[in-house]
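**Student:** Per my numbering, the very first residue in the sequence shown carries number 56; after that it's consecutive.
Think of the CB as a built atom: it goes at the ideal place given N, C-alpha and C, for glycine as much as any other residue.
Predicted, not measured: the structure shown is a model, and the values here were computed from it.
Shown below is the structure under consideration.
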Amino acid sequence: MKIGIVCYPTYGGSGVVATELGKALAEKGHQVHFITYQEPVRLDSFHENIFYHEVSALEYPLFQHQPYESALASKIVDVTKFERLDILHVHYAIPHASSALMAKQILGEQGYQLPFVTTLHGTDITLVGKDPGYQPVVEYSINHSDGITSVSENLKQDTLKNFKINRHIEVIPNFIDFSRFRKTNKEHFKKAIAPLGENILIHVSNFRRVKRVEDVLRMFDIVVKHIPSKLFLVGDGPERNNLEQICRSLGNCDQIRFLGKQDPVEELLAVADLFVLPSENESFGLAALEAMACEVPVISSNAGGIPEINVQGETGFLSHVGDYADMAKNAIHILEDENRLKQFKKNAYAQAQRFSIDKILPQYEAYYAKVLMGKG
Ligand code: GMT
């Protein structure tokens, strides 16, 4: 198949999923065409079946904001005609689904068929998409997609609650590539950063308010008073300054490392004992799944789709949003007993295997085939 993929190319779950999916499809012999405004971060090596088409929106003094949606639609038209794409898969509804729909209509008038699948990722529904400033366009373009997938059952239900959707939504969960995310031996590194055998807690996100990174700091403040520990904060974003202030006021900055954006996150996960994800909302929680693949149990909130991956009392624990004291209690419960920690690590790994790319990729291929038959 010749498959076009549209996504956000920068750091962020939906772009990561789209890029990893494209790479895996290419590996299986499909021809994959990425159509984005910048080369996707995870598209880090050459592959004969992968092509990249850059969307460039002309700058003009009249534009306060460049009309990216139109530039993207035009690029999709161009790539489809030249490369003869069979299907287009857009990740994150805004504005990708409406650009795809516009391109499909233009192509239709010129005698080309371009069915497209929209994958809903989270904030395109739960935060931005349902805002009245976007809602009508998001709803229309979802309803006019040839196929719709959602990364969790919870996100599907949220979509049905927030929009009038008259179509089937297929749930295809996010996946993990074990050839990259697996526990490797980094004992020398662990000894350097935790010389007294401290436990290492880790949080990875884009530091937006929805991630509630502040709760990570507050729960860690309780944990570190009971069990010698270190905290790694990986990522960057609008909350960073605020978080630095909080850590200073708590007086435990010595035990906390702000590591910024890190591409080889699996190397940090390899030395971690617990992953912390206290999000206000999280349609899936790919970062937690990546941790589990590296044998790291998860202390999380019970928001959104997180309960579909983190199993209470088995792979970690879930608390109500904002209840950082309960998160701390659960973290201590796991860390204070070495055998218990080992068991949780084992369980986390076993659970991650359910989401192995080998199991999920065929679901996308089968769904594309359905969409191509008009049965999306
Ligand atoms: O919030 C983020 O981390 C970014 C956002 C995105 O679209 O890039 O992530 C969403 O999609 C990810 C991949 O499907 C999910 O794992 C995240 O849970 C989801 N984020 C939210 O729902 C807040």
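Quick one: does the C-beta of V331 sit closer than 7 Å to a heavy atom of the ligand GMT?
**Tutor:** Taking non-hydrogen atoms of the ligand GMT into account, the C-beta of V331 is found less than 7 Å away from none of them.
**Student:** Using CA atoms only, rank isn't needed, just tell me which of Y379, Q190, R263 is closest to D276.
**Tutor:** Y379
**Student:** Taking buried to mean at least 16 other C-beta atoms within 10 Å of its own C-beta, is K280 buried or exposed?
**Tutor:** exposed
**Student:** Between I58, M274, F339, S234, which has its C-alpha nearest V145's C-alpha?
**Tutor:** I58
**Student:** Whole beta strand (DSSP E) runs in the stretch 343-403 with 3 or more residues, listed along the chain?
**Tutor:** 353-356, 371-374
**Student:** Excluding five sequence neighbours on each side, which residues of the same chain lie with their C-beta closer than 8 Å to the C-beta of R264?
**Tutor:** P293, E294, E335
**Student:** Compute the distance between the beta-carbons of I197 and F218, then report whether it is under 8 Å.
**Tutor:** yes
**Student:** Please tell me whether F339 and L314 are closer than 8 Å, where the distance is taken between their beta carbons.
**Tutor:** no
**Student:** Provide the residue(s) that pair with Q86 in DSSP beta bridges, ordered along the chain.
**Tutor:** K57
**Student:** Could you check how far apart the C-beta atoms of I224 and Y189 are, in whole angstroms? I think they sit under 8 Å.
**Tutor:** Going by Cβ atoms, the distance from I224 to Y189 rounds to 18 Å, so no, they are not a contact pair.
**Student:** Are the CB atoms of L127 and V61 nearer to each other than 8 Å?
**Tutor:** yes
**Student:** My output table needs one value for K285: the three-state DSSP class, helix, strand or coil.
**Tutor:** strand
**Student:** Does the stretch 339-351 come into contact with the stretch 381-391, if we say contact requires no fewer than three beta-carbon pairs (one atom in each stretch) closer than 8 Å?
**Tutor:** Flag = no, the stretch 339-351 and the stretch 381-391 do not touch.
**Student:** Roughly how many whole angstroms lie between the Cα atoms of Q418 and Q408?
**Tutor:** 16 Å
**Student:** What span of residues does the beta strand (DSSP E) with H108 cover, start to end?
**Tutor:** 105-109
**Student:** If you count every other CB in all the chains shown that lies within 10 Å of the CB of Y404, and 16 or more means buried, which is it?
**Tutor:** buried
**Student:** Assign K211 to one of two classes, buried (16 or more other C-beta atoms within 10 Å of its C-beta) or exposed (fewer than that).
**Tutor:** buried
**Student:** If I follow the unbroken beta strand (DSSP E) through S205, where does it start and stop?
**Tutor:** 202-205
**Student:** Once DSSP output is grouped into helix, strand and coil, what is the label at V268?
**Tutor:** In the structure shown, V268 adopts helical secondary structure according to DSSP, grouped into three states.
**Student:** Per DSSP, R312 forms a beta bridge with which residues?
**Tutor:** F287
**Student:** Indicate whether the contact test is met: 3 or more Cβ pairs, each with one atom in the stretch 83-101 and one in the stretch 199-208, closer than 8 Å.
**Tutor:** no
**Student:** Let me confirm a value: E114 is counted as buried when at least 16 other C-beta atoms fall within 10 Å, else exposed. Which label applies?
**Tutor:** exposed
**Student:** I want to know whether the stretch 128-138 touches the stretch 156-169 - three or more CB-CB distances under 8 Å.
**Tutor:** yes
**Student:** I'd like to know whether the C-beta atoms of L332 and I301 end up nearer to each other than 8 Å.
**Tutor:** no
**Student:** Here's the rule: buried if 16 or more other CB atoms are within 10 angstroms of the residue's CB, otherwise exposed. What is D309?
**Tutor:** exposed
**Student:** Within a Cβ cutoff of 6 Å, which residues of the same chain sit near T74, ignoring the five residues on either side of it in sequence?
**Tutor:** P95, R97, L98
**Student:** Taking 8 Å as the cut-off, decide whether the C-beta atoms of I354 and G377 are in contact.
**Tutor:** no
**Student:** Relative to the ligand GMT, is the shortest distance from any of its heavy atoms to the C-beta of Y63 smaller than 7 Å?
**Tutor:** yes
**Student:** With distances taken from CA atoms, which of Q317, E322, P283 is nearest N307?
**Tutor:** P283
**Student:** Going by C-alpha distance, which of N297, D318, V271 is nearest S356?
**Tutor:** The candidate whose alpha carbon is nearest that of S356 is V271.
**Student:** In the DSSP output, what is F330 paired with across the bridge?
**Tutor:** I257, V353
**Student:** Do S411 and F236 count as a contact pair if the criterion is CB distance below 8 Å?
**Tutor:** no
**Student:** To the nearest angstrom, how far is it from the Cα of K238 to the Cα of N394?
**Tutor:** 18 Å
**Student:** Give, in chain order, every unbroken run of the beta strand (DSSP E) that is at least 3 residues long and sits entirely within the stretch 144-193.
**Tutor:** Qualifying beta strand (DSSP E) stretches, in chain order: 171-175.
**Student:** Considering just the uninterrupted stretch of the alpha helix (DSSP H) at H243, what are its terminal residues?
**Tutor:** 242-248
**Student:** Just the Cα atoms here: how many angstroms apart are G70 and E138?
**Tutor:** 22 Å
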